[in-house]
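Some notes on the structure that comes next.
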Amino acid sequence: MPPLTAREVYQQLRDAALELRPLSRLARQPEPGHVHVDIEGWRLSLGVDGARLLHCQRCLAPDGREGELDRWQRYGTDPVSLLSTWELAQIERLLCLQRQP
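Residue 101 is where the sequence shown ends in the UniProt record's numbering, and the numbering goes up by one at each step.
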């Protein structure tokens, strides 16, 4: 099976930002600096720093394909860097990363 591309994972994040697909934080958050989420069966481990979403560390698709940050960066990008400023803010809001005024 071919690995997931950054664009495939970006599409899931984009759909979540547009509220076309539900994004939910998983109950188990084993690593500091990471948030684990589910988007309709897509399991993502997202790197965070306080109120900022930094990158997608890894993703597992419902069909069993996987993608990882090391592979995506070899090709110059990761899924989070493909998000527009507005999409990124929406994902941070959905993850409750943004500080409340």
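Note that CB positions come from ideal geometry on N, CA and C, so glycine has one too. It should be emphasised that the depicted structure is a prediction, and the values quoted were computed from it without experimental measurement.
Helix, strand or coil at residue i [DSSP, three-state]
{"i": "S45", "result": "strand"}
{"i": "D38", "result": "strand"}
{"i": "L18", "result": "coil"}
{"i": "E31", "result": "coil"}
{"i": "R65", "result": "coil"}
{"i": "L82", "result": "helix"}
Residue closest to residue i, alpha-carbon to alpha-carbon, out of the options
{"i": "I91", "options": "P3, L44, L13 and H36", "result": "L13"}
{"i": "T5", "options": "G41, R65 and G33", "result": "R65"}
{"i": "H55", "options": "A61, L94, P62 and S45", "result": "S45"}
Same chain only: Cβ atoms within 6 Å of residue i, ignoring 5 sequence neighbours per side
{"i": "I39", "result": "Q12, A16, R21 and L23"}
Proximity below 9 Å, CB of residue i to CB of residue j
{"i": "V35", "j": "R43", "result": "no"}
{"i": "residue 106", "j": "V80", "result": "As displayed, the chain neither begins before 1 nor continues past 101, which places residue 106 out of reach and without an answer."}
Near the ligand COA: residue i beta-carbon under 8 Å from a heavy atom
{"i": "L26", "result": "Inclusion of the ligand COA in the displayed structure is not the case, the ligand content being empty and no account of it being possible."}
Beta-carbon proximity list for residue i, same chain, < 7 Å, skipping 5 on both sides
{"i": "C96", "result": "none"}
Same chain, Cβ closer than 8 Å to residue i, neighbours up to 5 away in sequence not counted
{"i": "L94", "result": "A16, A17 and L23"}
Pairs of beta-carbons, one from the segment 61-71 and one from the segment 18-38, closer than 8 Å: are there three or more? No: fewer than three Cβ pairs fall under 8 Å.
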